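In my numbering, the protein residues as written are 1 to 420.
Backbone N, C-alpha and C define an ideal beta-carbon position, used for all residues, glycine too.
In this text, all values refer to a predicted model and were calculated from it rather than measured experimentally.
What follows is one structure encoded as structure tokens, with my remarks underneath.
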Amino acid sequence: MGRKSKSHSDPSTSMTKKKAKAVKEDEKVGSTDIISELPPYIVTDILSRLPFNSVLSCRCVCKTWLHLLMDPSFAQLYHTRAHPCIILQPTYKYRNQHLYAVHFDNKKHVRKSSTRVKFATKTHLCMGCDVKLSLLDSCNGLILLGDQHHYHDFVRLDQLYVCNPITGEFVIIKHKPGINLTSYNACLCLGFCPKTQVYKVVLLSKQQYGVNSVLTLVYTLGVKGNGLWKSVNVGNDLDYQPRITTFLNGIIHWVVISTYVPQFIYSFDVEDECFRFVPPPPEFVSPEQTTWSKWNICLGVLEGCLAISEHAKDVYFHIWVMKDYGVQASWTKAYTMDITMEKIARLLPITQILGLCHNGDILFTFQNRNLVSFNPANSSFKLHRIESLYYFNNVLPYIPNFSSLRDIARGEPPFNATLR
1 MGRKSKSHSD PSTSMTKKKA KAVKEDEKVG STDIISELPP YIVTDILSRL
51 PFNSVLSCRC VCKTWLHLLM DPSFAQLYHT RAHPCIILQP TYKYRNQHLY
101 AVHFDNKKHV RKSSTRVKFA TKTHLCMGCD VKLSLLDSCN GLILLGDQHH
151 YHDFVRLDQL YVCNPITGEF VIIKHKPGIN LTSYNACLCL GFCPKTQVYK
201 VVLLSKQQYG VNSVLTLVYT LGVKGNGLWK SVNVGNDLDY QPRITTFLNG
251 IIHWVVISTY VPQFIYSFDV EDECFRFVPP PPEFVSPEQT TWSKWNICLG
301 VLEGCLAISE HAKDVYFHIW VMKDYGVQAS WTKAYTMDIT MEKIARLLPI
351 TQILGLCHNG DILFTFQNRN LVSFNPANSS FKLHRIESLY YFNNVLPYIP
401 NFSSLRDIAR GEPPFNATLR
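Now the structure itself:
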């Protein structure tokens, strides 16, 4: 018999096997990554510093991260660190069932290509595309939705919902029995009580002209409210229904446009359910100021302080900041904006101060549908266009909140708009 010859393997095949073996050994050595070995509190600390759209993606990484992100302690930590942004509802009929969060994250300048997030939660709350709800208010990451006719400010109070657009959860604000509140010309606000940690829906409505009184109803979410609206005694000092409100430290604020009221900043304390006047800057107390300038005044919050924007008789905007809340002498004229050389002069007046961008620019709305920022460093303005989102039903300050409505509104049956 002949001797069998020894076969020689293909060199390329041998090299492939060696590479595969090396990769397998590398995978074995690195099977445990560094992130997985970190203590949970460090992972939580890292995740709490991410943009909230990144946090939403992190939920899908693994079960460990999902459990960390669903823990109520993470929601509390994230809420203290989250960068404020804005939430808006487009006017365009094919987009008005969507909600968007927009924040300007460029450190050097605010760009047109701002970061935006489209929430999975739609305004119809999966109750049918024929349900048309509007964004009415925002507070601490929760939003108030309702059926509103914008041209007349009429709101159907039998269709009110408090929703967390991040979690998709919402609760139904029950109708007040015995009172016909189906269609009301009203201002509806969402407020938060820092001491008792409860949320309240506040209704302010001027029902009859010539009567110095505003109907005020309060609905407390959770077991403390017993699912009922409560009437608040206003007295005869409040006779003006607000249109745009500003929430700060548990208090709702608005400007009273009246020629005979020197204390034109009204407030409603959500905690004790009382109305109070907030003293304006001393310069606003003169009769000349109070007769005409209130039409050109709006409120907002800047760095945790109540702020007033005033369009003076000349071509300037002045922004006043109340450094010590409630103390009239603490009002300071913080910014003066010259608009003579700017194209935004035709967009006057300022509707609302939305807050500060990440780079320190002040963000406004003009005529309810234009976003403009002012750079105090070089006294320049910038008109912002968000891609495919040109006009808005409403735009409001917004802080992301990952808390579940099951914890926020205990006793209210929650529904989920993304699972129905």
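Can you name the start and end residues of the alpha helix (DSSP H) that tyrosine 442 belongs to?
There is simply no residue 442 to check, as the chain begins at 1 and stops at 420 in what is shown.
Tell me serine 380's beta-bridge partners as DSSP assigns them.
Residue numbering aside, residue 380 sits at position 380 when the sequence shown is read from its first letter. In DSSP, serine 380 forms a bridge with Asn375.
Quick check on isoleucine 46: does DSSP put it in helix, strand or coil?
Your numbering for residue 46 matches position 46 in the sequence shown. DSSP places isoleucine 46 in helix when its eight states are reduced to three.
Starting from histidine 253, follow its DSSP beta bridges and name the residues at the other end.
On the sequence shown, residue 253 is found 253 positions in, with the first residue counted as 1. Thr246, Ser267.
The alpha helix (DSSP H) with glutamate 37 in it runs from where to where?
Start at 1 with the first residue of the sequence shown, and residue 37 comes out as number 37. Segment 34-37, the alpha helix (DSSP H) holding glutamate 37.
What does the Cβ neighbour count give for isoleucine 265, buried or exposed, with the cut at 16 atoms within 10 Å?
On the sequence shown, residue 265 is found 265 positions in, with the first residue counted as 1. Buried, since its Cβ has 16 or more Cβ neighbours within 10 Å.
What does DSSP give as the partner residue(s) for alanine 101 in the beta ladder?
On the sequence shown, residue 101 is found 101 positions in, with the first residue counted as 1. Per DSSP, Ile87, Val117.
Who are the near neighbours of tyrosine 335 in its chain, counting only those whose CB is closer than 6 Å to its CB and skipping five residues on each side?
Numbered from its first residue, the sequence shown carries residue 335 at position 335. Closer than 6 Å at the Cβ level, and outside the excluded window around tyrosine 335, lie Ile319, Pro376.
What residues in its chain sit with their C-beta under 6 Å from that of valine 395, if we drop five residues either side in the sequence?
Walking along the sequence shown from the start, residue 395 turns up at place 395. Cβ neighbours of valine 395 beyond the five flanking positions: Ile86, Leu88, Thr365.
Going straight from the alpha carbon of cysteine 60 to that of phenylalanine 247, what length do you get?
Residue 60 sits at position 60 when you count from the first residue of the sequence shown. Residue 247 sits at position 247 when you count from the first residue of the sequence shown. Taking the straight line from one Cα to the other gives about 34 Å.
For asparagine 393 and proline 90, I'd like the C-alpha separation in whole angstroms.
Start at 1 with the first residue of the sequence shown, and residue 393 comes out as number 393. Start at 1 with the first residue of the sequence shown, and residue 90 comes out as number 90. Roughly 6 Å separates the two Cα atoms.
If you count every other CB in all the chains shown that lies within 10 Å of the CB of cysteine 62, and 16 or more means buried, which is it?
Taking the sequence shown and counting its residues from 1, one reaches residue 62 at position 62. So cysteine 62 ends up on the exposed side.
Rounding to the nearest angstrom, what Cα-Cα distance links proline 447 and methionine 127 in this structure?
Residue 447 lies beyond the range of the chain shown here (1 to 420); nothing can be said about it.
Cα separation between asparagine 106 and histidine 79?
To locate residue 106, count along the sequence shown from 1; it is residue 106. To locate residue 79, count along the sequence shown from 1; it is residue 79. Confidence in asparagine 106 is poor, its pLDDT being 46 and thus under 50, which makes the residue's placement unreliable; the coordinate value appears in the next sentence. Going from the Cα of asparagine 106 to the Cα of histidine 79 covers about 21 Å.
Taking DSSP as the reference, what is the three-state secondary structure of threonine 418?
The residue given as residue 418 occupies position 418 in the sequence shown. It is coil, neither helix nor strand.
Nearest to glycine 304 by alpha carbon, out of Phe52, Pro84, Trp65?
Position 304 of the sequence shown holds residue 304. Closest by alpha carbon: Pro84.
List the endpoints of the continuous beta strand (DSSP E) containing valine 217.
Here residue 217 refers to the residue found at position 217 of the sequence shown. Sequence inspection shows leucine at residue 217; the valine mentioned does not correspond to that position. Residues 215-220.
Starting from asparagine 394, trace the beta strand (DSSP E) in both directions and tell me its first and last residue.
As a working note, residue 394 is residue 394 in the sequence shown. 392-398 is the extent of the beta strand (DSSP E) around asparagine 394.
Following the continuous alpha helix (DSSP H) through phenylalanine 402, name the residue where it begins and the one where it ends.
Within the sequence shown, the letter at position 402 stands for residue 402. Unbroken run through phenylalanine 402: none, as it is neither H nor E.
Measuring alpha carbon to alpha carbon, tell me which of Val278, Pro194, Asn296, Gly222 ends up nearest glutamine 263.
As a working note, residue 263 is residue 263 in the sequence shown. Of Val278, Pro194, Asn296, Gly222, the residue nearest in Cα terms is Val278.
Leucine 204 and threonine 220: beta carbons closer than 8 Å?
By one-based count along the sequence shown, residue 204 stands at place 204. By one-based count along the sequence shown, residue 220 stands at place 220. Going by C-beta atoms, leucine 204 is not nearer than 8 Å to threonine 220.
Around the Cβ of asparagine 226, are there at least 16 other Cβ atoms within 10 angstroms (buried) or fewer (exposed)?
For the purposes of this step, residue 226 is taken as residue 226 along the sequence shown, with counting starting at 1. By the 10 Å Cβ count, asparagine 226 comes out exposed.
Tell me where the alpha helix (DSSP H) around phenylalanine 52 begins and ends.
For the purposes of this step, residue 52 is taken as residue 52 along the sequence shown, with counting starting at 1. Unbroken alpha helix (DSSP H) run through phenylalanine 52: 52-58.
Sort Glu412, Asp361, Asp45 by Cα distance to tryptophan 65 and report the nearest one.
Against the sequence shown, residue 65 aligns to sequence position 65. That would be Asp45, whose Cα lies nearest to the Cα of tryptophan 65.
Skipping 5 residues on each side, what residues in its chain have a beta carbon closer than 6 Å to that of cysteine 189?
Mapped onto the sequence shown, residue 189 falls at position 189. Here the set comprises Asp137, Val202, Thr245, Ile252.
Is alanine 186 helix, strand or coil by DSSP?
Translated into positions along the sequence shown, residue 186 becomes position 186. Three-state DSSP puts alanine 186 in coil, outside helix and strand.
Should leucine 133 and asparagine 164 be called a contact, given that it needs their Cβ atoms to be closer than 8 Å?
Mapped onto the sequence shown, residue 133 falls at position 133. Mapped onto the sequence shown, residue 164 falls at position 164. Not closer than 8 Å, so no.
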